[in-house]
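Numbering (my numbering), first residue to last: 8 to 316.
All residues carry an ideal CB built from backbone N, CA and C; glycine is no exception.
Please read all numbers here as calculations on a predicted model, not as lab measurements.
Here's the structure we're looking at; comments come further down.
Now the structure itself:
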């Protein structure tokens, strides 16, 4: 029992390490940019003021979005998707996938569950570990140990799953993170060139400025690439998992663009209808994460998350 608890503790520390690493880099960048660069290096007063004035909102938004992506708990499927012990006993009492699927179809019809997708075999998807019928786009995360609504992927850099509950936060975090790095590079590149030309006369403390410049380029490029990739996925209304394995629908079979309802509506599904809130880490996504409009089908009505609960 003690060994098990020790292993869990070690595993928790290992999983938290990437998050701690990013936070250490982030707060060190604050010291390097604000203290070393703006206060010690920049000599023109109005430049100091302008740089610091625009820097701090970016710093705050980056920290806010990052914390939301980390700490917002995943949303699990609602109770009507759970299978009781009696349901499992009935499923285990019959032989063959076809017979089991007929029982699941009956349960879906009785509960009026909006299930449109199946597994690769064409049968209704279930999760024995969570004892549920999986809603559309729901997947089991082996790291988190549970099924998550509209799961995109598990991200070690936030030590959390990215899914319906925090996908907007994750994308907005990438946006502000990229902008944060671009701002550092853009405002300091002229001073960096001057610094490099007189490096032999530079006090040791100012090497923090040199390092933060390179780190900002490295992190900025990596975040920009990931941000562009997720913007592409958003425009197609696909998750990362669906980009590797297209969803299978009960009626039409495999269709990689089955949830694509047009670029504008795809973005609104994640970011909501209020444009002013798109870049802020507040939850504005449409629906409940259990059902989604399909390509070519009209008349779909989004249910609010509050009403679903």
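request  = Drop a sphere of 10 angstroms on the beta-carbon of residue 116, count the other beta-carbons inside from all chains shown, and report buried for 16 or more, exposed for fewer.
outcome  = The residue you call residue 116 lines up with position 109 of the chain shown. Under this definition residue 116 is an exposed residue.
Helix, strand or coil at residue 167 [DSSP, three-state] = Translated into the one-based positions of the chain shown, residue 167 becomes position 160. DSSP places residue 167 in the strand class (E or B) of the three-state scheme.
task = Output the distance between the C-alpha atoms of residue 40 and residue 47, rounded to the nearest integer angstrom.
result = Residue numbering aside, residue 40 sits at position 33 when the chain shown is read from its first letter. Residue numbering aside, residue 47 sits at position 40 when the chain shown is read from its first letter. Near 10 angstroms, if we compare the C-alpha coordinates of residue 47 and residue 40.
key: Same chain, Cβ closer than 7 angstroms to residue 94, neighbours up to 5 away in sequence not counted   = One-based indexing of the chain shown puts residue 94 at position 87. 114, listed in sequence order.
inquiry  = Looking at the strands, I want to know which residues DSSP matches up with residue 125.
reply    = What you label residue 125 is simply residue 118 of the chain shown in a count that begins at 1. DSSP links residue 125 through a beta bridge to 255.
ask   = Does the beta-carbon of residue 8 have 16 or more other beta-carbons within 10 angstroms, so that it is buried, or is it exposed?
value = Looking up residue 8 in the chain shown gives position 1. Interpretation of residue 8 is limited by its pLDDT of 45, a score under 50 that renders its predicted location unreliable; the figure taken from the coordinates is listed afterwards. It counts as exposed.
ask   = Between which two residues does the alpha helix (DSSP H) containing residue 68 stretch?
value = The residue labelled residue 68 in the question sits at position 61 within the chain shown. Going by DSSP, residue 68 is part of the alpha helix (DSSP H) stretching over 52-78.
query = When DSSP labels each residue in this structure, what does residue 232 get in the three-state scheme?
reply = For the purposes of this step, residue 232 is identified with residue 225 of the chain shown, where counting begins at 1. It is helical.
ask   = Taking Cβ to Cβ, would you say residue 134 is nearer than 8 angstroms to residue 148?
value = Against the chain shown, residue 134 aligns to sequence position 127. Against the chain shown, residue 148 aligns to sequence position 141. No. Outside cutoff.
ask   = Span of the alpha helix (DSSP H) holding residue 6?
value = The requested residue 6 does not occur in the structure, where the chain is confined to residues 8 to 316.
message = Is the separation between the beta-carbon of residue 259 and that of residue 300 shorter than 8 angstroms?
response = The sequence position of residue 259 within the chain shown is 252, counting from 1. The sequence position of residue 300 within the chain shown is 293, counting from 1. Going by beta carbons, residue 259 and residue 300 fall outside the 8 angstroms limit.
inquiry  = Tell me the residue span of the beta strand (DSSP E) that contains residue 287.
reply    = The residue you call residue 287 lines up with position 280 of the chain shown. Looking at the DSSP string, residue 287 is not in any beta strand (DSSP E), and its letter there is neither H nor E.
task = Compare the beta carbon distance of residue 125 and residue 118 with 8 angstroms and say whether it is the shorter of the two.
result = Counting from one through the chain shown, the residue named residue 125 turns up at place 118. Counting from one through the chain shown, the residue named residue 118 turns up at place 111. Going by C-beta atoms, residue 125 is not nearer than 8 angstroms to residue 118.
inquiry  = Bridge partners for residue 155 per DSSP, in chain order?
reply    = Counting from one through the chain shown, the residue named residue 155 turns up at place 148. BP columns for residue 155 point to 146.
request  = Tell me residue 140's beta-bridge partners as DSSP assigns them.
outcome  = Taking the first residue of the chain shown as 1, we reach residue 140 at position 133. For residue 140, which the question treats as bridged, DSSP gives the partners 133.
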